[in-house]
Amino acid sequence: MRKNRLTLIITLLLAILAGYLIMNRSRTTLHAGIRDFAIADTAAITKVFMSDKSDRSILLTRQTDGTWKLNEKYAAHPENINTFLLTLANITVREPVARAAHNNILTLLSAKSVKVEIYQHTHRIRLGNLRLFPYEKLTKTYYVGDATMDNNGTYALLEGADAPVVIYMPGLRGYVATRYSTLENDWREHTVFNKKLPEIDHILVEFPSHPEESYKVVNRENISLELIRLADNKTLTAFDTLQLMAFVNAFRNIRYEALFNDMEPERRDSITSPVPMHVITLIAKDGSRQNVKTYPRMLPEPEIDVFDGSTVTFDRDRMYALINDDEDFVLIQYFVFDKILRPLSFFTRGRKG
Numbered sequence: 007m008r009k010n011r012l013t014l015i016i017t018l019l020l021a022i023l024a025g026y027l028i029m030n031r032s033r034t035t036l037h038a039g040i041r042d043f044a045i046a047d048t049a050a051i052t053k054v055f056m057s058d059k060s061d062r063s064i065l066l067t068r069q070t071d072g073t074w075k076l077n078e079k080y081a082a083h084p085e086n087i088n089t090f091l092l093t094l095a096n097i098t099v100r101e102p103v104a105r106a107a108h109n110n111i112l113t114l115l116s117a118k119s120v121k122v123e124i125y126q127h128t129h130r131i132r133l134g135n136l137r138l139f140p141y142e143k144l145t146k147t148y149y150v151g152d153a154t155m156d157n158n159g160t161y162a163l164l165e166g167a168d169a170p171v172v173i174y175m176p177g178l179r180g181y182v183a184t185r186y187s188t189l190e191n192d193w194r195e196h197t198v199f200n201k202k203l204p205e206i207d208h209i210l211v212e213f214p215s216h217p218e219e220s221y222k223v224v225n226r227e228n229i230s231l232e233l234i235r236l237a238d239n240k241t242l243t244a245f246d247t248l249q250l251m252a253f254v255n256a257f258r259n260i261r262y263e264a265l266f267n268d269m270e271p272e273r274r275d276s277i278t279s280p281v282p283m284h285v286i287t288l289i290a291k292d293g294s295r296q297n298v299k300t301y302p303r304m305l306p307e308p309e310i311d312v313f314d315g316s317t318v319t320f321d322r323d324r325m326y327a328l329i330n331d332d333e334d335f336v337l338i339q340y341f342v343f344d345k346i347l348r349p350l351s352f353f354t355r356g357r358k359g
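Just so you know, the sequence shown maps onto residues 7 to 359 in this note's numbering.
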């Protein structure tokens with residue numbers, strides 16, 4: 007009787023142990039999948055390199071001040087960077103790819119995917135809180151493919167693995183594939199001007215078709231502003247100082263709406279060949295120079311003004327502009343730029359001298 011009871015107890019214990027091992031193995035596999043893709047410490051990321059099958063590539067590099075640079079040339083869009091880091095931290099495995107679709111998905115990933123390389127700041131020696139010999143290390147490499155049929159998941163494959171999986175971001179309706187863009191335009195900061203008064207030496211605003219409205223604003227040791235009419239290079243003494251200060255302060259945050267560098271060269275040339283409507287030049291204290299030239303944007307079809315019945319052929323809300331030494335062709339809003347496109351008469355109206 008005692009022997010049978012002992013056998014029963016041993017059998018029961020073995021059954022419990024087997025169940026625990028099975029459950030633990032299942033959980034370990036799932037959790038390993040989560041850990042394999044997600045980056046727990048995004049603050050340690052130093053750079054991310056992404057490339058696709060069309061030979062397009064993006065390099066995002068964290069700067070010492072916490073900002074990010076794109077392809078070692080442009081400022082990266084901070085909101086897009088924050089969204090991307092949030093994605094890197096929270097992506098997880100929804101499910102493995104069904105065995106029947108395994109080979110097809112591998113073929114798709116080999117033909118169309120984005121390779122993602124994540125580099126992080128780490129240390130060669132880590133003893134408790136002691137960190138010695140810092141260096142940069144490639145910590146994660148994986149491939150991101152297209153969306154699943156339900157558009158709520160994305161096919162992905164860890165480098166070195168032979169089993170593709172479906173990844174997703176909890177709480178996100180949609181798929182994460184679009185966040186791994188290799189298009190430079192998707193990552194660029196939209197800033198045109200970002201200068202405060204102490205950084206500005208002088209500003210030129212030119213109206214080529216109305217030279218009498220052109221002027222220069224000079225920052226005199228951050229104490230006062232000097233207004234000079236360009237038509238005769240005369241320094242004006244009677245002007246609205248508050249309005250002029252508001253004009254200079256507006257240069258803290260001027261952004262464009264969209265980048266159109268991929269527009270057909272012939273169309274771009276036809277838009278920018280006429281004399282520009284405005285030319286704005288900002289010279290900073292450090293000697294750097296920023297220049298903007300604006301051009302009207304023709305409407306696809308003429309419209310009728312509801313107030314006076316006249317025919318409107320040009321967009322009243324947006325215009326085109328060349329920025330960064332004519333390198334970039336962008337779309338800008340009057341609502342944003344009007345505050346730095348004031349004519350000279352705006353400041354001198356009703357005043358003499």
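The beta carbon of each residue, even a glycine, is placed where N, CA and C say it ideally should be.
The model shown is predicted, which means the values in this text are computed figures rather than measured ones.
Euclidean distance between Cα positions of residue i and residue j
i, j, result
"Val312", "Ala244", "38 Å"
"His208", "Pro349", "16 Å"
"Glu227", "Ile206", "10 Å"
"Leu242", "Phe213", "18 Å"
"Thr160", "Val182", "6 Å"
"Ala82", "Ser116", "29 Å"
"Asn86", "Asn96", "15 Å"
"Thr67", "Leu265", "21 Å"
"Ser276", "Val285", "18 Å"
"Arg258", "Lys240", "27 Å"
"Gly72", "Pro84", "10 Å"
"Lys75", "Thr154", "32 Å"
"Tyr141", "Val254", "43 Å"
"Leu133", "Thr52", "22 Å"
"Ala4", "Arg185", "Shown here, the chain extends from 7 to 359; a query on residue 4 therefore has no answer."
"Asp168", "Ala107", "13 Å"
"Ile338", "Ser220", "21 Å"
"Tyr301", "Thr278", "7 Å"
"Ser60", "Thr70", "32 Å"
DSSP-derived helix/strand/coil call for residue i
i, result
"Lys146", "strand"
"Lys118", "coil"
"Leu94", "helix"
"Met251", "helix"
"Ala244", "coil"
"Arg185", "helix"
"Ala104", "coil"
"Asp268", "coil"
"Ala81", "strand"
"Pro217", "helix"
"Thr160", "strand"
"Asn86", "helix"
"Ala327", "strand"
For residue i, the nearest candidate out of the options (CA to CA)
i, options, result
"Ser215", "Pro280, Ala106, Glu190 and Pro271", "Pro280"
"Asn225", "Gly166, Pro204 and Leu236", "Pro204"
"Leu282", "Asn297, Ala264 and Leu178", "In the sequence as presented, Leu is not what sits at residue 282; that position holds Pro. The shortest Cα separation from Pro282 among Asn297, Ala264 and Leu178 belongs to Asn297."
"Leu248", "Thr354, Ile329, Arg100 and Gly72", "Thr354"
"Gly166", "Asn157, Tyr149 and Ala153", "Tyr149"
"Leu288", "Ile346, Glu78 and Asp168", "Ile346"
"Thr147", "Glu218, Val54, Tyr301 and Arg295", "Val54"
"Lys299", "Glu272, Arg274, Ala290 and Ala327", "Ala327"
"Pro306", "Arg324, Gly293, Arg295 and Gly315", "Arg324"
"Asn158", "Thr145, Gly177 and Asp168", "Gly177"
"Arg62", "Gly72, Val122, Asp314 and Trp74", "Val122"
"Ala50", "Asn86, Thr128, Ala162 and Asn200", "Thr128"
"Val223", "Asp192, Ala290, Arg273 and Arg274", "Ala290"
"Asp331", "Phe343, Arg295 and Tyr301", "Arg295"
"Ala256", "Asn110, Phe343 and Ser60", "Phe343"
Residue j beta carbon less than 8 Å from that of residue i
i, j, result
"Met56", "Val120", "yes"
"Asn267", "Asp321", "no"
"Val198", "Ile329", "yes"
"Thr319", "Met304", "yes"
"Arg261", "Tyr80", "no"
"Phe352", "Ala162", "no"
"Val172", "Arg100", "yes"
"Ile64", "Ile124", "no"
"Lys118", "Asp152", "yes"
"Gln126", "Thr98", "no"
Beta-bridge partners of residue i, as assigned by DSSP
i, result
"Pro282", "For Pro282, which the question treats as bridged, DSSP gives no partner whatsoever."
"Phe199", "Ile260"
"Ser230", "Arg226"
"Lys345", "Note: Lys345 sits in no beta bridge, so no partner."
Proximity test, residue i beta-carbon vs the ligand GDP heavy atom, cut-off 7 Å
i, result
"Gln126", "What this structure holds is no ligand at all, so the ligand GDP is not there to describe."
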